[in-house]
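What follows is a short report on a single structure.
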Amino acid sequence: DAKTTQPPSMDCAEGRAANLPCNHSTISGNEYVYWYRQIHSQGPQYIIHGLKNNETNEMASLIITEDRKSSTLILPHATLRDTAVYYCIVRPYSGAGSYQLTFGKGTKLSVIP
Amino acid sequence: DGGITQSPKYLFRKEGQNVTLSCEQNLNHDAMYWYRQDPGQGLRLIYYSQIVNDFQKGDIAEGYSVSREKKESFPLTVTSAQKNPTAFYLCASSSIDGNNEQFFGPGTRLTVL
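Residue numbers (our numbering), protein chains in the order written: chain A, 1 to 113; chain B, 1 to 113.
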């Protein structure tokens with residue numbers, strides 16, 4: 001079973017920031033938070049990951065709460081091409097279970113023109 | 001271009017026939033994975049391999065078999081013992097150190113008639 005909880009769907013206006021929440025209240029100390037997205041009928045694409053500090057790359061920002069029980073993925077200026085299912089995943093950085101990505105149902109983000 | 005290739009994109013088979021899905025990568029990754037995705041669901045791990053000539057069962061290995069004779073290739077055979085083989089099959093690969101972010105292929109959609 002997935003160790004994360006995400007809303008099933010969200011809408012966002014084109015050009016606005018998309019904020020996708022994820023709850024992971026049972027996260028362990030050695031587990032990272034990963035985000036992937038899947039555009040319809042394609043393979044998932046890695047977006048970003050983090051442990052406890054906020055992270056930013058060319059695609060998105062990841063904000064992790066201080067207690068690490070939840071996080072938010074931020075797409076700063078959503079475009080129509082960002083319409084996809086977004087998966088929040090927790091997994092150990094190394095050792096047992098580190099090779100497995102456990103996908104839940106994710107959040108279907110629809111970017112509206 | 002470096003990446004993962006899966007062929008064909010669409011595959012049709014009659015019930016009771018075994019079918020082998022191909023997955024090739026030129027990313028020099030040690031680890032490779034097979035996932036299955038059903039409509040509206042997340043991905044579920046079938047098998048994974050961390051090194052040539054070795055592989056491990058994932059969550060739903062029953063009715064499937066794999067081989068890893070070469071680093072670049074990780075074919076998946078869907079056998080007649082798999083009760084519900086119609087699904088979207090995704091192959092991925094990763095390094096085995098550091099982030100080991102998984103890179104996914106475009107997928108093969110298998111329909112068993």
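Backbone N, C-alpha and C define an ideal beta-carbon position, used for all residues, glycine too.
Should residue i be labelled buried (16 or more other beta-carbon atoms within 10 Å of its own) or exposed?
| i | result |
| --- | --- |
| ILE96(B) | exposed |
| MET31(A) | Here the sequence assigns Glu to residue 31(A), which means Met is not the residue at that position. Classification for GLU31(A): buried. |
| PHE103(B) | buried |
Flag residue i as yes if its beta-carbon sits less than 9 angstroms from any beta-carbon of chain A, otherwise no.
| i | result |
| --- | --- |
| GLY105(B) | yes |
| ILE4(B) | yes |
| ARG195(B) | Coverage of chain B is limited to positions 1 through 113, which leaves residue 195(B) absent and any answer about it impossible. |
| ALA87(B) | no |
| ALA92(B) | yes |
| ARG68(B) | no |
| GLU101(B) | yes |
May I ask you to report which of helix, strand or coil DSSP gives residue i?
| i | result |
| --- | --- |
| ASP38(B) | coil |
| ASP82(A) | helix |
| GLU55(A) | strand |
| LEU27(B) | coil |
| ILE96(B) | coil |
| ILE48(A) | strand |
| ASN30(A) | coil |
| SER70(A) | strand |
| ALA18(A) | strand |
| PRO92(A) | strand |
Taking only beta-carbon positions, decide if residue i is within less than 9 angstroms of chain B.
| i | result |
| --- | --- |
| SER119(A) | In the structure as shown, chain A starts at 1 and stops at 113, and residue 119(A) therefore has no counterpart that could be examined. |
| THR102(A) | yes |
| LYS52(A) | no |
| GLY106(A) | yes |
| HIS49(A) | yes |
Compile a chain-ordered list of the residues in the segment 30-45 of chain A whose CB is closer than 9 angstroms to at least one CB of chain B. TYR32, TYR34, TYR36, GLN38, SER41, GLN42, GLY43, PRO44 and GLN45
Identify each residue in the segment 18-38 of chain B for which the Cβ-Cβ distance to at least one residue of chain A is less than 7 angstroms, and report them in chain order. ALA31
Hey, which unbroken runs of the beta strand (DSSP E) at 3 residues or more fall wholly within the segment 46-96 of chain B? If only complete runs of 3 or more residues are kept, the segment 46-96 of chain B shows the beta strand (DSSP E) at 54-57, 64-66, 76-78 and 87-94, in order along the chain.
Output needed in chain order: residues of the segment 65-87 of chain A with a Cβ under 7 angstroms from some Cβ in chain B. TYR87
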